[in-house]
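Position in the sequence shown (first residue = 1) + 905 = our numbering.
Notes follow once the structure below has been shown.
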Amino acid sequence: DTYAILLGALAQQGYFRHDSKPIEGYPLSPGPQFFDQMVTEMADDLLEINNASVGILREAFAKGYPENFKNEEEVDLNDEMPLSDNRAGVNEFVLSRVLVNETTAICPRTGTKLSLLKLDKDQRVRVHDTLLDMAAIQYEEFRAKLAARYKKKMQEIENSDFAVRELARFSKWLDDREGEPFTAIVDGPNVAYFGSGNVNYRQVELVVEELEKMNENPLVTMPQKYVAEKFNVGVGFTQILKEEDLAIMNRLLESGKMYIVPAKCLDDYYWMLASVSEQKKSSAGVDIHVPPSNSEQRFPGLRPMLITCDQMRDHKLELLEPRLFRRWYSSFIVNYNISCVANGEFEVCNTNGDLDGEEQEKQVEFFPADFFSREIQG
């Protein structure tokens, strides 16, 4: 609330007006540019403004700019600010709650188009290098658990350099491979396990097929454990893949649409790292991001999209500071849902893949990442 109180005090005195008198002892001239500077500094420290701060600002600006609030009722700090879509006049000071158009990213009050604030090159390198560090730490913890469980000496288990080398190898592979750049990375086990306690490769195939219909070039990351014919899916439970699952898995591997994450390595780091890869050879330096209103009707935004329903609770505090993490997460993560169709109606799929004894037809729905940033910007 500190920024809200400071901005409010300045607003009440009219220091953001075009015709404001200079502030005694302050080097910068008052006026709209002064307001821009204050809000820019605030944006460096705050992710968002809470309702209490909005109330403070609204009351202060109503007093400092009464001509802009003459048609409004007296401000009640306990009330949520109503939505407004009335276009502002020339030089009108706007303090409004709006619903930004999800297709155009345009503010209805000011006509301003919001931008997508992306990670810069240094921040992308930081994500890349941090993931390598996290891989080393995770693998070292894994080694300690193995040593304790099986009474092995730590020297008998590969050290943490193994995980770092393998993740770095994946990074290099993305940079060196030829062909079309990947525009969607699929969190394989997340999709395969969706709605079930078993691995279902048909679901992975459906997601890949749907992405290809959307003119995307997908890559599935899958732990080595799940490319075996049988594996444990829980304590005391073993899954044996059906012939159909094995056939799908082999098709994905043979077509180069699946990358196998080595045993004992955390697959999350692989699809996360792919988001900051330049894919140097395949992209040839060309921007692969998709603009709004593109002719192919693709989801606008950054590429590669990350297809997962992982909430990232285990990684977000380690990967980036809160502002940059939210910027990365909101612009890359594409959530999905897999529903089943019965008699033309969508229903939640059951674990057996059938409904009333009949085979279910599954449908995939994607929820696009943001193509404009939902944070303070100017």
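We treat Cβ as the ideally placed atom computed from N, Cα and C, and that holds for glycine.
- Under the three-state reduction of DSSP, Asn1137 is assigned to strand.
- Secondary structure note for Pro1123: its beta strand (DSSP E) is the uninterrupted segment Pro1123 to Pro1128.
- When secondary structure is reduced to three states using DSSP, Phe1271 falls in the strand class.
- Non-local C-beta neighbours of Gln1129 in its own chain, meaning closer than 8 Å and more than five positions away in sequence, comprise Ile1165, Val1166, Pro1167 and Ala1168, ordered along the chain.
- Pairing Val1113 with Tyr1241 gives a Cβ-Cβ distance that is not under 8 Å.
- Here Leu1036 is near Tyr1174, since their CB atoms are less than 8 Å apart.
- Beta bridge pairing from DSSP links Tyr1164 with Thr1126.
- With a beta-carbon spacing of about 4 Å, Pro1197 and Pro1205 fall inside the 8 Å limit used to define contacts.
- Ser989 sits in coil when the DSSP states are folded into three classes, being neither helix nor strand.
- Ala1068 places its beta carbon less than 8 Å from that of Tyr1044.
- Of the candidates Met947, Arg992 and Gly919, Gly919 places its Cα closest to the Cα of Ser934.
- Between Glu1201 and the set Leu1116, Leu1157 and Gln942, the nearest pair of CA atoms involves Leu1116.
- According to the DSSP assignment, Thr945 belongs to the alpha helix (DSSP H) that extends over Pro937 to Asp950.
- Separation of Asp1081 and Gly994 (C-alpha to C-alpha, rounded to the nearest whole angstrom) is 54 Å.
- Linking Tyr908 to Asp950 through their CA atoms gives a straight-line distance of about 10 Å.
- With distances taken between CA atoms, Ser1101 lies nearest to Gln1144 out of Gln1144, Lys1185 and Lys1162.
- In the same chain as Lys1162, and ignoring 5 residues on each side of it, the C-beta atoms closer than 7 Å to its own belong to Val1113, Pro1123, Leu1124 and Val1125, in chain order.
- The alpha carbon of Pro987 has as its nearest neighbour, out of Asn973, Ser1182, Arg1232 and Val1003, the alpha carbon of Val1003.
- By the neighbour-count criterion, in which a residue is buried when 16 or more other Cβ atoms sit within 10 angstroms of its Cβ, Ala1053 is exposed.
- For Asp1172, the closest alpha carbon among the candidates Lys1135, Gly1093 and Leu1158 is that of Gly1093.
- Put simply, the backbone Cα of Ser1278 is about 32 Å away from that of Pro932.
- In the DSSP annotation of this structure, the continuous segment of the alpha helix (DSSP H) that includes Phe1230 starts and ends at Pro1227 to Phe1237.
- Cβ atoms of Pro1227 and Leu911 stay farther apart than 8 Å, at about 22 Å.
- Under the DSSP assignment, Met1119 falls outside any alpha helix (DSSP H); it carries neither an H nor an E label.
- Glu1046 is not a Cβ neighbour of Cys1170, given a cutoff of 8 Å.
- By the beta-carbon neighbour count (other beta carbons within 10 angstroms, threshold 16), Gly969 is buried.
- Look at Asp924 here: in three-state DSSP terms it is coil, with no helix or strand label.
- Taking 4 residues as the minimum length, the alpha helix (DSSP H) runs contained wholly in the region 1045-1108 are 1066-1081 and 1093-1097, in order along the chain.
- Around the beta-carbon of Pro927, fewer than 16 other beta-carbon atoms lie within 10 Å, marking it exposed.
- In the DSSP annotation of this structure, the continuous segment of the beta strand (DSSP E) that includes Phe1142 starts and ends at Phe1142 to Ile1145.
- The beta carbons of Met1154 and Tyr1098 sit no closer together than 8 Å.
- For Met1210, the uninterrupted beta strand (DSSP E) run begins and ends at Met1210 to Ile1212, by DSSP.
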